[in-house]
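Below is one structure, written out as structure tokens, with a few remarks after it.
Residue numbers (the working numbering): 6 to 237.
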């Protein structure tokens with residue numbers, strides 16, 4: 006059974022996330038989790054497959070930081086990208102268990118990439134059972150919504166196939182946001198242009214998922230899909 010691959014469990018992902026955050030902090034990098042792992046830490050139902058880490062103050066470019074992680078912690082390793090023309094490498098973490106090992110992809114993201122806002126360290130949310138740093142809930146919800154739109158617009162089939170998972174995460178995040186009385190429009194750390202385009206994306210989502218209209222309304226949005234069916 007040596008070397009056998011298995012899909013990571015949530016406890017295993019938590020171990021990797023904790024080690025990734027700790028290693029980055031050891032390098033002087035303030036960071037927080039985003040993507041599906043952050044969603045899960047907030048209480049969503051879908052199990053993540055990988056780890057997305059937002060690095061807030063890195064003096065290094067992404068490729069240099071990946072290399073430094075592998076030097077600081079030998080559980081991290083790099084593999085070439087699937088695209089032979091790509092110049093970047095993909096960061097993975099090898100978690101050894103009895104009789105098998107688990108390889109988990111770790112993405113390092115920076116503010117500005119994919120319209121990710123630059124948030125103050127003081128706004129990082131650690132209110133979860135593991136005390137792990139997470140992107141604020143309002144940012145996470147709107148970035149998940151952005152991902153749903155981008156995946157739906159993609160010409161690549163594997164990207165469009167991600168939309169059902171996006172919907173599951175978004176619907177869970179909407180319910181969690183309502184319980185926490187989150188209002189993304191009032192968040193001063195979300196840039197105004199991103200808030201504006203998010204309003205349009207909310208309309209697109211409600212057209213496809215009309216049952217979500219009351220949730221978005223409760224969060225301060227004003228979706229009126231009946232006026233936009235011919236638009237989207």
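Every residue, glycine too, gets a C-beta built ideally from N, C-alpha and C.
Inclusion of residue 59 and residue 146 in the CB contact set at 8 Å is not warranted, their separation being larger than that value. Residue 62 holds the alpha-carbon nearest to the alpha-carbon of residue 124 among 62, 221, 43 and 200.
Note: residue 56 is bridge-paired with 111 in the DSSP secondary-structure output. For residue 125, the three-state secondary structure derived from DSSP is coil.
When secondary structure is reduced to three states using DSSP, residue 66 falls in the coil class, being assigned neither helix nor strand.
The DSSP-derived three-state label of residue 32 is coil. For residue 178, no beta strand (DSSP E) encloses it; the enclosing alpha helix (DSSP H) starts and ends at 168-184. Between residue 229 and residue 23, the alpha-carbon positions lie close to 42 Å from each other.
Residue 71 carries a helical assignment under DSSP once its states are collapsed to helix, strand and coil.
Going by beta carbons, residue 152 and residue 189 fall outside the 8 Å limit.
Annotation for residue 174: 41, 44, 49, 51 and 149 place their beta carbon closer than 8 Å to its own, counting only its chain and skipping 5 residues before and after. Counting along the chain, residue 89 sits inside no beta strand (DSSP E), nor does DSSP assign it H or E at all.
Distance from the Cα of residue 223 is smallest, within the candidate group 187, 30 and 197, for 187.
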